[in-house]
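Student: Here it is: the structure, laid out below.
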Amino acid sequence: MPRRRTGTLIPRKDGGYSAKITTADGQRLTIDLGTRVRSLALRRLRERAEAAEPPPKRAVAETFEHAAERVHEARKRDEIVSEAQARTEFSRLRRWAFPEFGAVPVDRVEPAHVNEALDKCKADGRSRSTCAQLLFDIRNVFKTLVREGAVTANPTNHDAVALPRFKSEAKRERAVLTDEEFVAYVRWEHPLKEHRHAMLERQVMAYFARVFGGIRTGDLHALRWQDFDLPDGPDAAGGFEWGWAPRQKTRQPQRLKVPEEMWYVLRIWWEACGHPRGGLLFGARKPSHQHGDRKGEEKRSVSYARSLRRDLRRAWGIDVWHGDSERGEFRQARPLTDRERTVLEGDARTLPVDFHSFRRWYAQALADVGLSAQQAQVLAGHSTLGAHAVYLRRSGKAATVPEDALPRIFGVFRESSTPRTKPADDDEDEDSQPSETIGVNDGTRTRDNRSHSPVLCQLSYIHRGDALTGRRSLSARGSRRATSAIPRKSRMKCSEVPEGARRSESVVELDRVRRITRGRNGG
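Position in the sequence shown (from 1) plus 15 gives the number in this note's numbering.
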């Protein structure tokens, strides 16, 4: 039996550590362990001594690519970041950092290497925010290496490292839908039977994102049936009074009360899925080319932005189905209106709508109805007020200057207005007091007729499901309108959604859901 190889740790005068290792054939080697930390030096000595092959004469520092892989695996293992977030961070490094200095040893990476990766990111047409995230990812890797003692300084903290300069442009906000546009979307039904369940799933997900705490797409993928108080059985009443929002990004799960109208959506989707007692609400339905057969498991790297804009075109009557029930296609039937073009394609001030727009809509609606920033932050699940403020940069309603802030001379120039007179003092004769114009009459005050606040719980047509099993009594729970504490204000009349798209059939009617369920079960 060959003798077990051992080693001796040798501290050097410069603060580093070397080691003498005896190999299996009796040869003694002196190597540099490349660190000033004793615990790390002991670990490297043990690894070198137990290696199958004799170690090199001089230890070579690991490359940045290998170090980044090791650091990200440790971050996932220690649950510092979620698996999805770690995958996104590593993809940025693989795309822009590894080609520039992935093969360079970590102790030889200089600020110039980091700047080259940032310049490459900008050259690929990425935004300043993406470049900043790339710099943050590189910095995280070197923070861990500095703590381990693999490098003595973090090159990303050098003054020479800076983000590329970008042209100053107007900040474009994401488009959000109005109530009428959203209703037209959730009422639409796909003409092909095999696509109706997938369409219903996207509609229910959109409703969840709009009503249930404005949850993100990752939270939708993580929602489980056991996160809600389920009924005792298929024929049992009640249930779905509250639920847990996962809040994957902040790692702070939040218990939320389920609004009344959302109860009907939850119950109908529960019945369409076969009354499950556990598992994901929106699990993978088919194999993926990237992740293989993961049916029933949590979805990964799924974006609904393109599907949402495609479904909106069909729901609004822009694209119309041509052909029979088996063979056919959608064709554009009419040109887009200005509003539809802004929502679906964007313009100089607005980005096209995506699935995250429902969360923006939710946060902005809280502000428009007058909730304080602290209350809105709690409901939206933001960790800080600064993160919540990002969603409130531009409201859907027009900004109105208070009347008291305007000069009072405007009453002189507005002949059609009725001037207000200053009230007479008690000790003076009211008849002898001359009238003094002090401003514009309250009756001529500007009023914004647009939608002040899309309410959190809309879609009153969901109440049409009278035959729904286990439906709670409306008399016990209130009127047919939403019972939210947030007041309902006037809603904007959408004149640009085609009348043909406003079908009277509800997407959540019980008979259609049962037809879909029978189709999925082979009945």
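For glycine and all other residues, C-beta sits at the position ideal for the given N, C-alpha and C. Model, not experiment: these values are computed from the prediction.
With a threshold of 7 angstroms on Cβ separation, who are the neighbours of G30 within its own chain once the five nearest residues in sequence on each side are excluded?
Tutor: Same-chain partners within the cutoff: R51.
Student: As a quick exercise: from V124, E216, R364, pick the residue whose alpha carbon is nearest that of A165.
Tutor: When each option's Cα is compared against that of A165, the closest is V124.
Student: Do you know offhand how far A516's Cα is from D93's?
Tutor: Unreliable positioning characterises A516 in this predicted model, as indicated by a pLDDT of 37, which lies under 50. The coordinate reading is nonetheless provided below. Spanning the two alpha carbons is a distance of roughly 50 angstroms.
Student: S54 by DSSP, collapsed to three states: which one?
Tutor: Helix, per DSSP.
Student: Are there 16 or more other CB atoms within 10 angstroms of the CB of G385, so buried, or fewer, so exposed?
Tutor: By the neighbour-count rule (16 or more Cβ atoms within 10 Å), G385 is not buried but exposed.
Student: Is E98 buried or exposed, if buried means 16 or more other CB atoms sit within 10 Å of its CB?
Tutor: E98 is exposed by the Cβ-count criterion.
Student: Would you say the stretch 355 to 364 touches the stretch 177 to 194, given that touching needs at least three Cβ pairs under 8 angstroms?
Tutor: Because the criterion of three Cβ pairs below 8 angstroms is met, the stretch 355 to 364 and the stretch 177 to 194 touch.
Student: Rounded to the nearest angstrom, what separates H9 and G298 at their Cα positions?
Tutor: This structure gives no information on residue 9, because the portion of the chain shown stretches from 16 to 538.
Student: State the start and end residues of the unbroken alpha helix (DSSP H) segment that holds I283.
Tutor: 275 to 287 is the span of the alpha helix (DSSP H), which, as asked, contains I283.
Student: Less than 8 angstroms between the CB atoms is what I'm expecting for T265 and G396, so what's the real figure, rounded?
Tutor: So it is a contact: roughly 7 angstroms between Cβ atoms.
Student: Below 8 angstroms on the Cβ atoms is my contact criterion, and I expect F370 with Y319 to pass it. Report the Cβ-Cβ distance as a whole number of Å.
Tutor: Confirmed, Cβ separation roughly 4 angstroms.
Student: Can you tell me whether L48 is buried or exposed? The criterion is at least 16 other CB atoms within 10 Å of its CB, across all chains shown.
Tutor: So L48 counts as buried.
Student: Rounded to a whole number of angstroms, what is the C-alpha to C-alpha distance between R327 and G338?
Tutor: For the record, residue 327 in the displayed sequence is Leu; it is not Arg. Computed Cα separation, rounded: 20 angstroms.
Student: Contact defined as beta carbons within less than 8 angstroms: I believe G3 pairs with Q269. What is the distance between those atoms, to the nearest angstrom?
Tutor: Since the first residue of the chain shown is 16 and the last is 538, residue 3 is not available in this structure.
Student: Could I get the ranges of all uninterrupted beta strand (DSSP E) runs contained in the stretch 334 to 371, with 3 residues as the minimum, in chain order?
Tutor: Qualifying beta strand (DSSP E) stretches, in chain order: 334 to 338, 343 to 347.
Student: Reducing DSSP to helix, strand and coil, say where I153 ends up.
Tutor: In this structure, I153 counts as helix in the three-state DSSP scheme.
Student: Residues in the same chain with beta-carbon distance under 6 angstroms from T23, minus the five sequence neighbours each way, listed in chain order, please.
Tutor: Same-chain partners within the cutoff: K35.
Student: So G22 is in the alpha helix (DSSP H); what residue range does that whole segment cover?
Tutor: Premise fails: G22 lies in the beta strand (DSSP E), 22 to 26, not in any alpha helix (DSSP H).
Student: Who are the near neighbours of V161 in its chain, counting only those whose CB is closer than 8 angstroms to its CB and skipping five residues on each side?
Tutor: T167, A168, N169, listed in sequence order.
Student: Does any CB atom of chain B fall closer than 9 angstroms to the CB of L44?
Tutor: Absence of chain B from the displayed structure is noted, only one protein chain being present.
Student: When DSSP labels each residue in this structure, what does L295 get in the three-state scheme?
Tutor: The answer is strand: DSSP assigns L295 an E or B state.
Student: Quick check: the Cα distance between R342 and G332, rounded to an integer number of angstroms?
Tutor: Near 19 angstroms, if we compare the C-alpha coordinates of G332 and R342.
Student: With DSSP as the reference, identify every bridge partner of L271, one or two as the case may be.
Tutor: According to DSSP, which records beta bridges pairwise, L271 is partnered with G258.
Student: Please report how far the alpha carbon of P26 lies from the alpha carbon of R107, in whole angstroms.
Tutor: So the alpha carbons of these two residues sit roughly 39 angstroms apart.
Student: What separation, rounded to the nearest whole angstrom, lies between the Cα atoms of D247 and G294?
Tutor: Each residue's Cα considered, the two are about 16 angstroms apart.
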